[in-house]
Structures are given as structure tokens and as C-alpha cells.
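K.L.:
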Amino acid sequence: MELLSYDFVQRGILTGVTVGIVSAIAGVFLILRRMSFLGAGLSHAAFGGIALSMLLGVEPFLFTSIFTILVGNLVQVLIYHRRVPGDAAIALVFSGGVALAVLILGIVKGFGEYIFSYLFGNILIVTREELYFSLVSSALVLLFFIVFYKKLVLLSFSEELAKLKGVNLTLMNHLLVSVSSLVIVMAIKAVGIILASSMIVIPALTALLMGSSFLSAVIVSTGVSLVSVVAGIALAFYYDLPPSGTIVGAMIFLFGLAFLRRAFSS
Amino acid sequence: MELLSYDFVQRGILTGVTVGIVSAIAGVFLILRRMSFLGAGLSHAAFGGIALSMLLGVEPFLFTSIFTILVGNLVQVLIYHRRVPGDAAIALVFSGGVALAVLILGIVKGFGEYIFSYLFGNILIVTREELYFSLVSSALVLLFFIVFYKKLVLLSFSEELAKLKGVNLTLMNHLLVSVSSLVIVMAIKAVGIILASSMIVIPALTALLMGSSFLSAVIVSTGVSLVSVVAGIALAFYYDLPPSGTIVGAMIFLFGLAFLRRAFSS
Amino acid sequence: MRFLLVLILIPLITTAKEFVLVSVYPFYDVLKELSGDRFRVEVLIPPKADYHLYELSSKEIKKISQARLVFVSGIPLGGWERKVEEISGNRAFKLAEGIELKSSGEHGGVKTDPHIWLSPKRMMLVAENAYKAFVKLEPDKEDIYRENLRKVLDKLKELDRDYRENLKSCKHRVIPIPHPALGYLAQDYGLSQLSIGSGDVHGDISPIELSRFISEVKEKGINFMFEIYGARSKYADVFTKEYNLRIYRLNVKIIPSEHGKDYFSIMRYNLKVLREALECM
Amino acid sequence: MYVVEAENLSFSYDGKVNTLENVNFKVKKGEFIGIVGPNGAGKTTLFRIILGFLKPTGGKVKLFGTDIKHFKEWNRIGYVPQKLNVEQNFPATVRELLSLVAGRERIKDIADFLHIDFYIDRQFLKLSGGQQQLVLLGMAIASEPELLLLDEPTAGLDIHAQMHITQILRELSTNEGKTVLMISHDLGLVLKNVDKVLCINRSVHYYGEPDEALDTIEELFGIRRGIKNGTP
Amino acid sequence: MYVVEAENLSFSYDGKVNTLENVNFKVKKGEFIGIVGPNGAGKTTLFRIILGFLKPTGGKVKLFGTDIKHFKEWNRIGYVPQKLNVEQNFPATVRELLSLVAGRERIKDIADFLHIDFYIDRQFLKLSGGQQQLVLLGMAIASEPELLLLDEPTAGLDIHAQMHITQILRELSTNEGKTVLMISHDLGLVLKNVDKVLCINRSVHYYGEPDEALDTIEELFGIRRGIKNGTP
Ligand SMILES: Nc1ncnc2c1ncn2[C@@H]1O[C@H](COP(=O)(O)OP(=O)(O)OP(=O)(O)O)[C@@H](O)[C@H]1O
Ligand SMILES: Nc1ncnc2c1ncn2[C@@H]1O[C@H](COP(=O)(O)OP(=O)(O)OP(=O)(O)O)[C@@H](O)[C@H]1O
Ligand SMILES: [Mg+2]
Ligand SMILES: [Mg+2]
Ligand SMILES: [Zn+2]
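Just so you know, the protein sequences line up as chains D, P, G, W and B, in that order. UniProt numbering applies: residue 1 is where the first sequence begins, and numbers increase by one. UniProt numbering applies: residue 1 is where the second sequence begins, and numbers increase by one. UniProt numbering applies: residue 1 is where the third sequence begins, and numbers increase by one. UniProt numbering applies: residue 1 is where the fourth sequence begins, and numbers increase by one. UniProt numbering applies: residue 1 is where the fifth sequence begins, and numbers increase by one.
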């Protein structure tokens, strides 16, 4: 595995593992907050952000991060302050982002940028800056989940009860979507726009099938994600396949196992 | 509007209108069956189907229709017979379809360019066969919704109560996903894979914001969809924009209006 | 002054409806020379567009239905070119007809390499093809077209000669470029292309092709790499830093710019870049 | 022929602890049965088995003489669940809901009957808890089913409505020969109105006339704390 | 200083019909208030206004002397909702839920106290309706709030648990000075245990000692059918 000796490949694996951990944790909370598809929504919205960044001629990664965080918070404002159903708000930014991208592509016909390369990620080529960005962001995200763990669990149980237990709903909700948006941007880096949501949702779903308590669900989710990232990258090297496909494939495979286990046990 | 005199453009508009009607109706039921994202899931799964059809060298449209209907029914089997949560089943085929497509793209290098044209359909170029397919399918879909209207409403209210009122749950559920899959395939034709779900979900969401009864919700949804398709195509012609973007843009605009109306009334 | 304006406008007005269409910019200049003042030549999609992944707009569709002839690469360049062929029906003409094509990348694949214009040698065949199309459209004007063809072939031959001579004795004979656009150029001028074939634009990357690319670059002691002008690419960022590769940008899409205003001048600019990178004498 | 028969019925959610064990009882046509038992006794579970939503792990259940494995005529049964999760934004009005299971005339009757007529054109989801409960009851009886399974139908109802409903059920059973199974924690209400009481706590502790039920019931709820290692 | 004060409180869901109109009452520290009223009277609505989930359309509410517009110390309040929609597959166990609001010692106390100890390590969603209700009550009192708002806390509970809970609430109020507002349709239970009864039907019909409440209550539920054109 000579490839492993390349710096940028090592960086890619490191990025994958980091993103795997934080997206697995974020996923559990998002699913229980009835926002399973926030990942899908935001990653597609990010598509609009990327198109916009190219239209404006600014650095896409940073711009898209900010754009996605803003959109995530817009979703939250719609849901929480304006009482739009969660599904609706998410579907809206999903469609809105893509429509924006399509329109921009249509207006500025071909600005020659390979915008489509963002649709499928490229975890094997990660620059040093991107790695640092991922590491720092992941550390922040992890810190957030550790510090606010209890408040977040309470929030997923019931917003109303959480409020009465002194949780600042507005703040916590906005922090959660902001953090999730950051995770999404990192996941896009790893597996691309249309697979980013898988990293958020599949390990968490697997965990919810298996977990017998909240904490165990979080742990299982992280475990599933880590195993999938590592196994996926290994498979990709061995059989010369696209890593995004193999990583998500591994996640789906593990979900299948968890599912069969449950189906047979009852 | 000289363009309107071209056969293929007329066919495109007709297709758009037909697809608009059926997707608007299907959307209401899907949202209330907690499958808002079935559209997104199936259209992304269809992506895998298209890749597969190219790998196998068969006719993509027909193959993808069958593939998508099968996947839709798989979702239903998972949800209903295996008690996998709806979100999970949908997220699974979403990810699975894309991962399949990515892997096929990775194995058989060089399909990219053909497959990409499915990501953002093109309603302006519709062959006669495609139009006939859409018309016949839409008629079938419409018939389904009319004949089983009451059973479907009952089903969306509560599966358990529906069963006791003599609704054959298995049959009805499978019919509903099959019909929805067909609608998705038509929507992909009209606005492409990543915007197909918007046609299903945005008009229906708008209607659910406004509707004061079930029937009125269905009617409003259809209305919103029709207006959006026609206005979208007109805009696309007038400003030379991609129709998929303008159609979905118009839908989002109407949703915004409905939303503001509600926000101001209360 | 006024007189001048009228002079310029007259041909525009009179030939307003009489035009032929070409799907992408790189073929434009050759076709323009061929058509002379018989037809206006228009390009279907913008020069900067990503012609591998493109969708037609309503204006473009309208244009297609109005053109007398619609030239497409016929390879095709992307799925959209198929649609152009469909819409234009019997007015479509494939420029690559009869030209020997190869698959993209060095290690096979199902996809045919569409970048024929980057080899002046093949461009001559394109010109001859296009000539046939014009003659078929207006058999009575054959003389004019033959004369035009001769002129354009002369220009292409000169370009071909420049390429041959300037690339004859270079220090390096390998042209590394992640997106395999230089296959025909390499084949026709005794060079060998090194690319990541499938990766880049059209999906996630193949790990083995990536590692082959890098190890060959290392092995051969190459310290430069080509990239495509007007397109952002991660490879350039990573490889410059990692291996101190110098990045040379070729105007692959023949975008009119400071490099030149037409195919011929841009191709000469590309040659200059190639010479510099390959250290040709 | 019995309307409901349970024979050696057992059920377990996880394959380890039995939630129901060896449950036997028979219900004749026209009987009004009150089902009581402490929280977690398995009452709701029993209903869900009878309705075919859960499969028994042992024994069998017959409806109208047919084993539920083969039973198909579900529309002979009306059901009010203990909990109903309706999708938020579900737009249907009460009238629309009733029209799914009854004709225009019958809707009018039901609405008058249950005193729900003055909110019949409002959306179901915008009703108060008790109002929703009444509408569900209306849907259950609208299609004139022969067997009614009601899981705490009076929970959340005001005293007026509670009495009213119980009276309606009493009449349905006495006058129209409907068979009614009602779970309730309101012992007063149950003992006063039903024909037979079924006391359940994992297994059947008492099944018979209400008069003699009280002892068992008191014992049942008294010993509740003693069965720590069991299901409840 | 009063714990809860409502002054000319009005509320409307749709801007047309008033669900609550001109509601006035004051609750002192340590009082145990029973809130009764027919279905759709506005009881749940009142709670949701007090808790800040709905904004009053007229008048005001004060909590611990502070207008709810500016009130921030929500953790001084415990709440048991009438209905709770928890996401399916929510994996937390009872112990995990309690640990969100209380320390280890307190969890043990609560569990013993409410007799929920033998299912404390099971997942919340796999409990029976009554068991869930008890857990919610446990969460509400775990953090020792000064004010408890309970929306039909005994609905769905067995008689044993009902009595037990009522007794606990009585003690919390008498011995520990907690203020308790409890909505209930169980008049017997209410009249026997509370300090004051608040009869609501759009507006306040009675507020005072339980002994004299009965007349008003009977009248209230009796006239229920008369107010067809009003809110209820
Ligand atoms: N989905 C489930 N998975 C596992 N155990 C369950 C599930 N639902 C209920 N139980 C358990 O089975 C037992 C019986 O529950 P059931 O809901 O039948 O009780 P019940 O008699 O209806 O109680 P209540 O009066 O509180 O409604 C309880 O111990 C409960 O915790
Ligand atoms: N979200 C809502 N939108 C519109 N109207 C509502 C909404 N929720 C309740 N209502 C109406 O407001 C009135 C009061 O409802 P509320 O839930 O406060 O009654 P309640 O006293 O708690 O009744 P119950 O004893 O049945 O729980 C009812 O007429 C109800 O239909
Ligand atoms: Mg129960
Ligand atoms: Mg209430
Ligand atoms: Zn190219």
C-alpha cells in the first residue's frame, strides 16, 4: 500500500475519520430532533453556496461553510420561530439550494469551474489547510456535544420540558444547527454533496436500531462510522473503487447487519 | 413566443403540466404518511438505476421506472413488514442509490457525462414516446388517487384504524409507493434527479400551510403546482433560464407567499 | 463613419437567418474560414462552459432549430451533444466522422476521448469533413468551398508543422495532466500523456489511477504538470505544494483571451507553454 | 359462538419476560366487558393482539369463531386506541374523518349523539384532548361494528362526557346487541355499568360479575408492589 | 407575593373566537389548586400560556411576581403535559431521562417514591401508558421545582397510582411548600384533596374552597350543551 505513504492520502484518511466521528454523533441528535434529512437539505443547499461562491469569485470552501451555517440557522428560524414543520423547512432549503445552483449555472453559462466535482467528494486529495480546518472544526463540534450533552438529550426528548429545565431553546437549537452545518461542510469534503447526508444519517440509524440507551446509541453510531470510514477507504484502495461509494457502502452494509440482527432476535 | 411552435417544446409543457398535477397530489399523501422525503430518496435511488441501466446497456427510461418502483416497494417492505422507521428506510435507499451510481461510475469509467444530464433534467426536450409515457402514467396515477381517495385519507390518519375499516394495508401501501415511484420517474424527466423531490414536496407543503380541510389541501397543492410549472416555463423562455430552476423557484416563491400570509394572519 | 457602420451592418442583416451552428468553440474558427461569407457561423454554448457536463437552455434550443447546419463533435463531448443531434435531425453533422478515435486515458475505458481539436493534425480531417457538409448543403457553391478549404488547410498545415518541429527535441516527452485532454496531441506528436483518466471532473477519483499518476511523475523525475486554463482544480493546489511541481496552464477549451483571439493563435500559445514546460530546444 | 375467545394466550415483547401468560376468556355477543388492571398489566397489549397488530407467542385468539390468523373481516370491529399519533398538519376536519367511514345521514346522527356537532367542521388537530377522544369514538361506532374495543375511552373526558359515553356504550350493548370491551381505570364507572369484569395482570385474575370483582381488584392493586421481578 | 397571577387574561387561537376570556386568579405559595372544566374549556391552553408556549392576546400573567414576558427562571417550574409526542426510536432509558434533571441520589429517591424503580433501566418508549405518565411526573418533580403544573397527571393511571400520586402532591404542597396546579376530570379526587378549585370554561366560573364548588361544577357541566356558539 504505497499510496498510504503519500501525505495527502494520509491527510484524507485522517479527515475521513474525524468527519466520521462528528457526523455520527450529530446524526443521532438530528434524527431524534426529527431532522433526519437536515444533512441532505443542507448539503444540497451548500450546492447553491458553491455556485454562488463561483459567481462571486470568492474562495468556495470558506464561503460555503458560512453560507451553509446561515442556511442551517434559517431552517431553525423557520421551524422554531415561525412554526414551519421541520420537514417543510428542510425540503425548502434542499430545493432552494439546488434551484439556486441550477439558476446560477444557467445565468453564468459555464464559468469553467468544475462545480460538479463537488457533487462527489474526493477524500484522497486533501490539502493541509483543509485538514487543519477539519481538525479544528471537529474539535469544536466534539466539545459542543460533550459540554451540552444533557441539554441536547433533554431537547430531543421534548422541547417544552427542556425549556422548563432551564435550557435556552433558541440558543441551543441554533448552536445545534450551526454545528451540524459545519459537520455537513466537512462531510461534503469527504464524500461529496449527494453522499454527505449518508455519513450523518446511516450510522445514527444503525445505532438507533441497536442502542438500548441514549449513551449506547451515541457510542454505537460513532463506532459504526469509524469502522465504515476505515473499511471503506481500504476497500477503495484494494479494488480501485471510489472511496465515497465504498465508505457509504460499508455504512449501509453495517446497517443491514444491525437490521438482520434485530429481525432475527424478535 | 416562437419557441412555442416547436413540437418538442409543446410536448415539454404538456409533460410539465401533467407531472405537476400528479406530483402535487402524491405529495400531500406522502407528507402525511411521514414520507416527505420519499421523493428525494427515490429520485436519488433512481440515479443508481440509471447508472445500472448504462452498465447493462438497456433502455434507461423504462429500466429506471421499473427499478424505482422496485426500490419504492423495498422501502415499503422495510417500513411496514420490518418496522424500520420510515426516515431510515428512505435515507437508506437515498444513500444506497447514490453509492451504487458512484461505484458504477468508478468501475466503468467514463459514464459520467451521460449520467450527469439526468441530474438536471430538461423539460424542453421531450420525445413523443416520453410524452405518451407521461400521459398514460399520469392518467393511471390520477385514477388511483380518485378511486382510493377515502382509503388513502384514512391511511394517512392512522394505519391501525384504516386496517379496521377494511383497508388492505399491504396492498394500499404498496400501491401508493408504486404510484409515487412512477411520479418520481416522470418528475426526473421534467426537472432532473436532484430537483424531482421538490415537485412532490413543495406544492404539498404549501397546501398544508393553507388548507383548512383535506380536500382543500389537495386542490391547493395541485393549483400551486400548475401555476408554478406554467410560470416557470414562461420565465425560463423569457429570461433564458433553465426551466427546472425556474419551476422550482416559482414553487418556493408561492410557498413563501403562503407562509407570509399565515405569519401575518396570526 | 456612418458609411462604415452600414458596411458592417449589411452582411449582418442580410444573413441574419442564414447561419450554421457549431456545438463548441474550438471548431469555430475553422468553420468560419470554411464558410467564408456564405454563412454566419455561430457557437452554441459559451466558450467557458464545461462542455462535458452541460444542459441546453431554451435560447440555445431555439438557435438549433433555426440553423441551416448544426456541427457537432459527434463523439460526443457530453450527453447534451446527443440532444443537439436529436433536435437538429438531418441538419446535424458530425465533425469527427471517419476520424480515428481513441479512448480516454492511457489505460482504456469505455469513454472516447473527445478532445480532437488539440491536435492540429486531426483538425485538418475535421476541416475536410466540414467541407463535405457545406458542399452537400450547397453543391453549386463547391468552388468557393474548395478554395476556402485550401486556405484553412494551409493554415492548419502550418500549425501542424510548428507543432512537429517545436516538439521534436524536448528534454521531457511526458505530458502529465490530471484531466486526459491531451491524448490526441500526444499521439500525433510523439509525446506520451500521463493522466488520472477517470477522475477529476466526472466523479470520485480512482485510488489506483491516482497512485499511478504520482508514482510515474516521481519516477520520471518530472517537475511540472499541466492544468486547464479557466478551471479550478484541487490537483494543482496539492501537487504544487507536495512535490514542488510547477503548474502550466494550457488553454484547452480554446477560450479567447490574452492568449489569442482565435484557434490558431491560441494553439500557438499552447505550443509555447508546452515548449517551456517540456524544455524544448 | 363467541365473539372473542382467548385460549392459553401468551405474549412476550422481547422473548424473555412474558407480558401476557396463559390468558383465557370468552365473550358472548352483546356483552359489555370492563377490563381493569394496574399500569403495565398488559391490557393494551391484549387489545393489540386481538386486533392483529401483535402476534401471540403462544395460544390463540378467535374472533367471531375464526382464528385471528385467518380473520379478515376487520370492519366488523371498532377501536379507540389509548394513544394516537397523527402527523402534525394533518388537515382533515372532523366531518371529513367521519365521512371516511359513514354516510351523510349517519354522520349527522353520530354528531348529535356524541355532542360533537358544534365543532364538526373544525380540523381534528385543533381540538382539545377530550374533543379528539370523542371524535375517535365517533369514528369507531360510525360504521356500526359488531365488536367495540375501547382502550381507556373516557380518559381525558369531562364527567359529563364520561357518563354520556358510558351510557351510550351500555345502550349499544343492551339494545343493539353490540359486544363491547372497554379498558378503564375508573373502577366506579366500570363496576356500575358493565356486565362482566376482566381483571388482568399478566394473567387473568378474575373474570365474572362486577359485584364479586371488588375483592380481587383490591387484592390485585394491593399486591402490585410485590411482583417486582415480573412483567408489569 | 403570589406564585401565579392571571389578570384579565384572554387568548384566541385564530383571532376570532376567544378561547379564554377575562381570566383572573391568584395562587399563593404552597397552595394545591385543582383545575376543572369541560372538554375544550381552555385548561390546557391556560397552562401553555403560563408556560410561555402561547402568548396571551390580552391581559397578563405573572410568575413569582414577574410578568411572563420577562420571566426567565423556568427551572423553578415543573410540568407534566397532557400529551407528549416523543420521536419513535428515542433510545433513552428512564434512568437516563431522570439523570438529565437530577443527581444520582435524587434519582434513587424519586424512583422509590413513585414506585418506578423496577423499570428504571428500561427504555422510556417501551413502557405502558401509565408507566410513562409516572416517569414524566418523576422528571417534573426531580429538580424540586417550586411550582408544579400538571395536566391530567392521573389520566391513564391505575387507582393505586392515582391515590399515591395525589397523596404525594398533597404532601409536596403541605410539607414542602410547593405550589401545585393540577388539571383533572376526576372530581372526586380533586374535591377531596385540593385547597382550592378553579372552575374554568372560557372564563373563571368559580375559584375557592372545594366544599362550595360542587354547585358551580354541576351547573358548569350541565350548561355545557348550551354554549354552542361559543369557544369550548
Ligand atoms: N413496545 C414495547 N416493547 C417492550 N415492552 C413493552 C412495549 N409496550 C409495552 N411494553 C411493556 O409491556 C407491559 C404491558 O404494557 P401495556 O401497555 O399492555 O400495559 P397496560 O396494561 O395497557 O398499562 P396502562 O394501564 O399503563 O396503559 C408493560 O410492562 C410495558 O412496559
Ligand atoms: N392548536 C389549536 N388551534 C386552534 N384551536 C385549538 C387548538 N388547540 C385547542 N384549540 C381549541 O381551544 C379550545 C380549548 O382547548 P384546550 O385544549 O385548552 O381545552 P381543555 O380544557 O384542555 O380540554 P380537554 O379537557 O379536552 O383537554 C378548544 O375548543 C379547542 O378545540
Ligand atoms: Mg394501556
Ligand atoms: Mg386539555
Ligand atoms: Zn475535457
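Quick reminder that beta carbons are idealized off the backbone N, C-alpha and C, glycines included.
For the stretch 172 to 191 of chain G against the stretch 214 to 225 of chain G, are there 3 or more C-beta pairs whose distance is under 8 Å?
P.N.:
Segments in contact, yes.
K.L.:
Return no unless some Cβ of chain G is closer than 9 Å to the Cβ of residue 134 of chain P.
P.N.:
Not closer than 9 Å to any Cβ of chain G, the Cβ of residue 134 of chain P fails to qualify, so no.
K.L.:
I want to verify the contact list: residues of chain G whose CB lies under 8 Å from the CB of residue 127 of chain D, in sequence order.
P.N.:
Chain G residues near residue 127 of chain D: 234, 237, 238, 241.
K.L.:
If you measure from each residue's Cβ to the nearest non-hydrogen atom of ligand 5, which ones come out under 6 Å, in chain order?
P.N.:
In chain order, the qualifying residues are G:52, G:115, G:179, G:181.
K.L.:
Cβ of residue 130 of chain B versus every heavy atom of ligand 3: is any distance shorter than 8 Å?
P.N.:
Yes, ligand 3 has a heavy atom inside 8 Å of this Cβ.
K.L.:
Report, in whole angstroms, the separation of the C-beta atoms of residue 177 of chain W and residue 78 of chain W, which I expect to be a contact under 8 Å.
P.N.:
No, residue 177 of chain W and residue 78 of chain W are not in contact; Cβ-Cβ is about 14 Å, not under 8 Å.
K.L.:
Enumerate in chain order the residues of its own chain whose CB-to-CB distance from residue 200 of chain G is below 6 Å, with the five nearest sequence positions on each side excluded.
P.N.:
Its pLDDT being 46, under 50, residue 200 of chain G is placed unreliably in this model, and the coordinates cannot settle the point.
K.L.:
For residue 88 of chain B, which residues does DSSP report across the bridge?
P.N.:
Per DSSP, none; premise fails for residue 88 of chain B.
K.L.:
Can you tell me whether residue 79 of chain G is buried or exposed, with buried defined as 16 or more other CB within 10 angstroms of its CB?
P.N.:
Burial call: buried.
K.L.:
Below 7 Å on C-beta distance, what does residue 267 of chain D contact in chain G?
P.N.:
The question about residue 267 of chain D has no answer, for chain D in this structure spans 1 to 266.
K.L.:
Give the straight-line distance between the Cα atoms of residue 261 of chain B and residue 171 of chain B, rounded to the nearest whole angstrom.
P.N.:
A question about residue 261 of chain B goes unanswered here, because the residues of chain B that appear run from 1 up to 232.
K.L.:
In chain W, what lies closer than 8 Å to residue 83 of chain B by C-beta?
P.N.:
Ordered by position in chain W, the residues that pass the 8 Å Cβ test against residue 83 of chain B are 129.
K.L.:
Three or more C-beta pairs closer than 8 Å, one from the stretch 91 to 102 of chain D and one from the stretch 191 to 200 of chain P: is that the case here?
P.N.:
As far as the Cβ criterion goes, the stretch 91 to 102 of chain D touches the stretch 191 to 200 of chain P, which means the pair count is three or higher.
K.L.:
Output yes if chain B places a C-beta closer than 9 Å to the C-beta of residue 34 of chain D; else output no.
P.N.:
With 9 Å as the cut-off, residue 34 of chain D counts as an interface residue toward chain B.
K.L.:
What are the boundary residues of the beta strand (DSSP E) that includes residue 235 of chain W?
P.N.:
Any property of residue 235 of chain W remains undetermined from this structure, which presents chain W solely from 1 to 232.
K.L.:
Ignore the nearest five residues each way along the sequence and tell me which others in residue 263 of chain P's own chain have a CB closer than 6 Å to its CB.
P.N.:
Within the same chain, residue 263 of chain P has no close Cβ partners at all.
K.L.:
Quick one: does residue 245 of chain G have its CB under 9 Å from some CB of chain D?
P.N.:
Chain D, which has no Cβ nearer than 9 Å to the Cβ of residue 245 of chain G, makes this no.
K.L.:
Does chain P have any CB closer than 9 Å to the CB of residue 12 of chain D?
P.N.:
Chain P contact via Cβ: absent.
K.L.:
Nearest-angstrom Cα distance between residue 130 of chain P and residue 38 of chain P?
P.N.:
Near 23 Å, if we compare the C-alpha coordinates of residue 38 of chain P and residue 130 of chain P.
K.L.:
Identify the continuous alpha helix (DSSP H) that holds residue 76 of chain B and give its terminal residues.
P.N.:
Where residue 76 of chain B is concerned, there is no enclosing alpha helix (DSSP H), given that its DSSP letter is neither H nor E.
K.L.:
Going along chain W, which residues have a C-beta under 9 Å from residue 56 of chain B?
P.N.:
Within 9 Å Cβ-Cβ: nothing; residue 56 of chain B doesn't reach chain W, min ~18 Å.
K.L.:
Grab the span of the alpha helix (DSSP H) containing residue 112 of chain W for me, first residue to last.
P.N.:
Here the alpha helix (DSSP H) through residue 112 of chain W covers 104 to 113.
K.L.:
Using the Cβ count rule (16 or more neighbours within 10 Å means buried), how would you classify residue 238 of chain P?
P.N.:
With fewer than 16 Cβ atoms within 10 Å of its Cβ, residue 238 of chain P is classed as exposed.
K.L.:
Say whether chain P places a C-beta atom closer than 9 Å to the C-beta of residue 64 of chain W.
P.N.:
No - not a single Cβ of chain P is within 9 Å of the one on residue 64 of chain W.
K.L.:
With 8 Å as the limit, tell me which residues of the stretch 38 to 59 of chain P have their beta carbon closer than that to any beta carbon of chain G; keep them in chain order.
P.N.:
Under the 8 Å Cβ criterion, the stretch 38 to 59 of chain P contributes no residue.
K.L.:
For residue 5 of chain D, count neighbouring C-beta atoms within 10 Å of its own C-beta (all shown protein chains included) and say buried if the count is 16 or more, exposed if not.
P.N.:
Classification of residue 5 of chain D: exposed, given that the 10 Å Cβ count is below 16.
K.L.:
First and last residue of the beta strand (DSSP E) that includes residue 30 of chain G?
P.N.:
It is not in any beta strand (DSSP E) - residue 30 of chain G instead sits in the alpha helix (DSSP H) that spans 28 to 35.
K.L.:
With C-beta atoms as the reference, is residue 50 of chain W less than 9 Å away from residue 80 of chain W?
P.N.:
Taking 9 Å as the Cβ cut-off, residue 50 of chain W and residue 80 of chain W do not qualify as a contacting pair.
K.L.:
In chain order, what residues of the same chain lie with their CB nearer than 6 Å to the CB of residue 135 of chain G, ignoring the 5 residues before and after it?
P.N.:
So the qualifying residues of the chain are 142, 145.
K.L.:
Rounding to the nearest angstrom, what Cα-Cα distance links residue 130 of chain B and residue 158 of chain B in this structure?
P.N.:
The alpha-carbon atoms of residue 130 of chain B and residue 158 of chain B are separated by roughly 7 Å.
K.L.:
Can you tell me the Cα-Cα spacing of residue 236 of chain P and residue 58 of chain G, whole angstroms?
P.N.:
Their backbone Cα atoms lie some 7 Å apart in a straight line.
K.L.:
Kindly say whether residue 87 of chain D, judged by its beta-carbon, lies nearer than 9 Å to any beta-carbon of chain G.
P.N.:
Chain G, which has no Cβ nearer than 9 Å to the Cβ of residue 87 of chain D, makes this no.
K.L.:
Any heavy atom of ligand 3 closer than 8 Å to the CB of residue 34 of chain W?
P.N.:
Every heavy atom of ligand 3 is 8 Å or more from the Cβ of residue 34 of chain W, so no.
K.L.:
Would DSSP call residue 242 of chain D helix, strand or coil?
P.N.:
Coil at residue 242 of chain D, not helix or strand.
K.L.:
Just to confirm the assignment, what range does the alpha helix (DSSP H) spanning residue 287 of chain B have?
P.N.:
For chain B, the structure presents residues 1 to 232; residue 287 of chain B sits outside this window and is missing.
K.L.:
Among the residues of its own chain, which have a CB less than 6 Å from the CB of residue 31 of chain D, if the five just before and after it don't count?
P.N.:
Here the set comprises 204.
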